[in-house]
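Colleague: Chains as they are written, first to last, in the UniProt record's numbering: chain R, 1 to 289; chain D, 1 to 289.
All residues carry an ideal CB built from backbone N, CA and C; glycine is no exception.
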DNA sequence: TTCACCTATAAATATTTTTTATTAATTATA
DNA sequence: TATAATTAATAAAAAATATTTATAGGTGAA
């Protein structure tokens, strides 16, 4: 069975036209007809309901089932191509989300340099969500990732490097009681990281749960800008302690009536990844932290 | 790219011999050589390290990566064949684990009969673990399943039908205090269901945690026999309430210092399953419980 | 009804895969 | 250590498979 036939079939189902599908692949129209026929012969079932004719490519139950499997096979085929292209070019594409990167990279810099890995890594800087997409699509080999939910869908393997906590922060200029409750912050202006990060999700949870944090006055994807604004007392914010390593002029508020989910800092990769020696070394270095 | 080449390649890696692989598939030896060459040409990399020669088929990193993807593709291909064979023969193979079956089937029997589904279902009776394997391997379409852990690996979809609890049971002949602790049962003889079920896992957990239930004197896979033995005061046991629907002569013990995980009764199927009308009706009937 | 457009089929052609036959390399063994 | 047996690679031929060209026949729109 040829993967090409599955490609034809999936596209045919999408375009609902033999001619268009043929044109899409730059082949003649009967090629598509025969490809479907081959599949039908191989599986001894009709895959397409042949009724009126024009632009009415409807799948049978069997066709529908083939389609589902075909898409999975084509995805795997696509991943294989991507992986092999990078192996061929001896490139290692690695995802670096901003906060985590600034926290972790100083800790492993020397080791990466001494093992001659710095030059081998092609960094892809992006938010955790986009990186997870890129990883899923085979666009990168491996990524650092910050998340509150451990991925459990079988597509990924990961090594948890650190478990951090979320903190509510405010400018040091402000005075707050030693212990306070979420509701005490009801009227504060709030600054948050934008949708590409998990932070917003957590802020959204808190907003839903306590009906507070309602006046989000500014969103940014730049956490350093966010910290600077908090420092200048433009508002309070919620952020991982990961981001607070060497920051002056900011205080952590001691909120006693709410616990936030843990923030997992992990190295994540497709479970089908076969790490080469360099990739393996990178994994080892980060995992030893 | 032809799936056949991947089959050759995976087998070659397994047998470490071109000739044996060729013999395995009933083709001539150069067929295998050329298949590997095709893959190497397609991916522009060496896949096999050609050193000394005889019986030393070692994969390169690229070969190793291809192997991982190839296995996934072949698995999907296999599932596709299995699924289509059953669609062709309009067979619906459904897994029925004993306890759950005896609890659920009476509740849906009339509906299944009235929708002419009883005759269409080919039942496969087995323990939950085996059924999950069979499901994974494409040997059945769908299964009833009792489990304490919700499957989260992306291979399966499921509908939770009921959530039951585990009970410690003893013969009605015995006298127990209204409330008791696990340790009070330290010296009791214990009867358990065997490894094909989740029950043993839970019993094992309790044994580990409390260092009790040590004298398991008998194991069986037949829960009715187990209940009968408990009734005849041969020992105590741990079992889902699912199994206790119409049982006389058995009491539930009120253990206050331990809570057991919930017992999920679900209908489970591969996420790639495209249900035909009959399968869909079955899913609907069970899901409405 | 005619025209434009679509899919199916047949036959020819092109491409790909497999085989046969052979070579060169390596191990086993006598 | 020579020789036989076994292994994988290659070349050329054959077989099998996929694609194209040409065409027919069916359908909906004008």
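Would you tell me roughly how many angstroms separate the C-alpha atoms of residue 80 (chain R) and residue 8 (chain R), rounded to the nearest one?
Modeller: Working through the first chain from its first residue, we reach residue 80 (chain R) at position 80. Working through the first chain from its first residue, we reach residue 8 (chain R) at position 8. So the two alpha carbons sit approximately 19 Å from each other.
Colleague: When you check each C-beta in the region 72-84 of chain D against every C-beta of chain R, which residues fall closer than 9 Å?
Modeller: The region 72-84 of chain D vs chain R, Cβ under 9 Å: 72, 73, 76, 77, 79, 80, 81, 83, 84.
Colleague: Give a yes or no on whether 8 Å exceeds the smallest Cβ distance from residue 134 (chain R) to chain D.
Modeller: One-based indexing of the first chain puts residue 134 (chain R) at position 134. Judged by the 8 Å Cβ criterion, residue 134 (chain R) is not in contact with chain D.
Colleague: CB-CB under 7 Å to residue 237 (chain R), same chain, minus the five flanking residues each way: which ones, in chain order?
Modeller: By 1-based counting over the first chain, the position of residue 237 (chain R) is 237. Cβ neighbours of residue 237 (chain R) beyond the five flanking positions: 169, 190, 191, 192, 226, 230.
Colleague: Does residue 237 (chain R) get closer than 8 Å to chain D when you measure Cβ to Cβ?
Modeller: The residue you call residue 237 (chain R) lines up with position 237 of the first chain. It does not: the Cβ of residue 237 (chain R) has no partner Cβ on chain D nearer than 8 Å.
Colleague: Only counting runs of 4 or more residues, tell me where the alpha helix (DSSP H) segments fall wholly within the region 115-175 of chain R, in order along the chain.
Modeller: If we require 4 residues or more, the alpha helix (DSSP H) runs fully inside the region 115-175 of chain R come out as 128-136.
Colleague: Which residues, in chain order, does the UniProt domain "HTH lysR-type" (1-60) of chain D contribute to contact with chain R at a C-beta distance below 8 Å?
Modeller: Cβ contacts with chain R come from 1, 2, 3, 4, 43, 44, 45.
Colleague: With DSSP as the reference, identify every bridge partner of residue 270 (chain D), one or two as the case may be.
Modeller: Mapped onto the second chain, residue 270 (chain D) falls at position 270. Answer is D:156, bridged to residue 270 (chain D).
Colleague: When you compare only the Cα positions, how much space is there between residue 45 (chain R) and residue 286 (chain R)?
Modeller: Translated into positions along the first chain, residue 45 (chain R) becomes position 45. Translated into positions along the first chain, residue 286 (chain R) becomes position 286. Each residue's alpha carbon lies about 51 Å from the other.
Colleague: Can you find the residues in the same chain that come closer than 6 Å, C-beta to C-beta, to residue 233 (chain D), ignoring five residues on each side of it along the sequence?
Modeller: Within the second chain, the letter at position 233 stands for residue 233 (chain D). Answer for residue 233 (chain D): 171, 173, listed in chain order.
Colleague: Any idea which residues DSSP pairs residue 34 (chain R) with across the strands?
Modeller: Looking up residue 34 (chain R) in the first chain gives position 34. Per DSSP, none; premise fails for residue 34 (chain R).
Colleague: So, for residue 267 (chain R): in the same chain, excluding its five sequence neighbours on each side, which residues have a beta-carbon less than 7 Å away from its beta-carbon?
Modeller: Numbered from its first residue, the first chain carries residue 267 (chain R) at position 267. Here the set comprises 142, 144, 158, 159, 161, 283, 286, 287.
Colleague: From which residue to which residue does the alpha helix (DSSP H) around residue 296 (chain R) run?
Modeller: Any property of residue 296 (chain R) remains undetermined from this structure, which presents chain R solely from 1 to 289.
Colleague: Below 8 Å on the Cβ atoms is my guess for residue 300 (chain R) versus residue 223 (chain R); work out the distance and round it to an integer in Å.
Modeller: With chain R covering 1 to 289 only, the question about residue 300 (chain R) has no answer from this structure.
Colleague: Which residue comes first and which comes last in the alpha helix (DSSP H) that contains residue 216 (chain D)?
Modeller: Here residue 216 (chain D) refers to the residue found at position 216 when the second chain is read from its first residue. It is not in any alpha helix (DSSP H) - residue 216 (chain D) instead sits in the beta strand (DSSP E) that spans 216-220.
Colleague: In the region 86-110 of chain D, which residues sit with their C-beta less than 9 Å from some C-beta in chain R, listed in chain order?
Modeller: Within the region 86-110 of chain D, the residues whose Cβ lies closer than 9 Å to some Cβ of chain R are 87, 88, listed in chain order.
Colleague: Assign residue 156 (chain D) to one of two classes, buried (16 or more other C-beta atoms within 10 Å of its C-beta) or exposed (fewer than that).
Modeller: Here residue 156 (chain D) corresponds to residue number 156 of the second chain, with the count starting at 1. Buried is the call here.
Colleague: When you check each C-beta in the region 122-154 of chain D against every C-beta of chain R, which residues fall closer than 8 Å?
Modeller: Hits within the stretch, in order: 152, 153, 154.
Colleague: Is it right to say residue 109 (chain R) is buried, meaning 16 or more other beta carbons lie within 10 angstroms of its own, or is it exposed?
Modeller: Position 109 of the first chain, counting from 1, holds the residue named residue 109 (chain R). Result: exposed.
Colleague: Taking only beta-carbon positions, decide if residue 268 (chain R) is within less than 8 Å of chain D.
Modeller: Within the first chain, the letter at position 268 stands for residue 268 (chain R). Chain D, which has no Cβ nearer than 8 Å to the Cβ of residue 268 (chain R), makes this no.
Colleague: Identify every residue that forms a DSSP beta bridge with residue 252 (chain R).
Modeller: Counted from its first residue, the first chain places residue 252 (chain R) at position 252. Note: residue 252 (chain R) sits in a beta bridge opposite R:169.
Colleague: So, does the region 121-128 of chain D touch the region 252-270 of chain D, judging by three or more C-beta pairs under 8 Å?
Modeller: Verdict: no, contact absent.
Colleague: Which residues in chain R sit within 8 Å of residue 285 (chain D), going by Cβ to Cβ distance?
Modeller: One-based indexing of the second chain puts residue 285 (chain D) at position 285. The contacting residues do not exist; residue 285 (chain D) stays about 19 Å from chain R at best.
Colleague: Alpha carbons only, please: which of D:146, D:220, D:277, D:245 is nearest the one belonging to residue 263 (chain D)?
Modeller: Start at 1 with the first residue of the second chain, and residue 263 (chain D) comes out as number 263. It is D:146 whose Cα lies nearest to the Cα of residue 263 (chain D).
Colleague: Let me check one thing: in DSSP terms, what residues is residue 108 (chain R) bridge-paired to?
Modeller: Taking the first chain and counting its residues from 1, the one referred to as residue 108 (chain R) is at position 108. Answer by DSSP bridge pairing: none, since residue 108 (chain R) is not bridged.
Colleague: Can you tell me the Cα-Cα spacing of residue 243 (chain R) and residue 198 (chain R), whole angstroms?
Modeller: Position 243 of the first chain, counting from 1, holds the residue named residue 243 (chain R). Position 198 of the first chain, counting from 1, holds the residue named residue 198 (chain R). So the alpha carbons of these two residues sit roughly 13 Å apart.
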